[in-house]
Amino acid sequence: MNGRHLLDTNVAIAILKADQTVLDHLANDDDFLISATVAGELFYGALNSANVDENVLRIRSLLADAVLLSCDETTARLYGEVKTRLRQKGRPIPDNDIWIAASALQHSLVLVTRDAHFDDVEELSIVHW
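Residue numbering for the sequence shown is 273 to 401, as defined by our numbering.
Now the structure itself:
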């Protein structure tokens with residue numbers, strides 16, 4: 273698989289847990305990105321864990337190896353468009369996942385996820401690891 277990949281939270285967690293399937297895919301990948309939304313979800317999980325310091329360090333190490341994407345007006349517009357289309361189809365997904373999808377769409381990235389509900393987002397390129 274070639275190209276640039278945006279990691280969903282569940283895939284980032286799999287990396288932190290040393291999931292061999294995900295690690296094998298990343299060994300063949302030249303570039304991966306993480307959105308600020310995913311980083312926020314990771315830090316939230318770490319700050320509510322039994323091993324806060326250790327988990328925060330692991331997240332910082334992961335982020336040091338990735339490109340971190342922030343949100344801007346374009347991301348916000350795409351968020352609104354995606355959320356509207358999903359509502360019209362009667363297929364809502366969690367708001368944070370809409371932000372993640374909007375980031376992938378904005379930057380023409382392939383979203384790497386384990387969540388099937390992203391399949392409802394039109395024009396989103398997805399792979400499931």
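Positions of the beta carbon are idealized from the N, C-alpha and C atoms, including for glycine.
Note: V399 is bridge-paired with V384 in the DSSP secondary-structure output.
The bridge partners DSSP lists for L335 come to none. Taken through DSSP and simplified to helix, strand or coil, S307 comes out as strand. Contact between the stretch 315 to 334 and the stretch 345 to 355 is absent, with fewer than three C-beta pairs closer than 8 angstroms. Nearest C-alpha to I285 among D391, S380 and R386: R386.
Judged by DSSP in its simplified three-state form, H389 adopts helix. Taking C-beta separations shorter than 7 angstroms and ignoring five residues to either side along the sequence, the partners of A373 in its chain run V354, L383, F390, V393 and L396, following chain order.
Contact between I306 and A336 is absent: CB atoms are separated by about 11 angstroms, not below the 8 angstroms threshold. A318 sits buried, since 16 or more C-beta atoms from the chains shown fall within 10 Å of its C-beta. H297: member of the alpha helix (DSSP H) spanning Q292 to A299, first to last residue. Counted as a single uninterrupted DSSP element, the alpha helix (DSSP H) harbouring K361 occupies residues E345 to K361. Cβ contact annotation for D369 (same chain, cutoff 8 angstroms, sequence separation greater than five): D280, D387, H389 and F390, in chain order. Straight across, the Cα-Cα distance linking T309 with R276 is about 18 angstroms.
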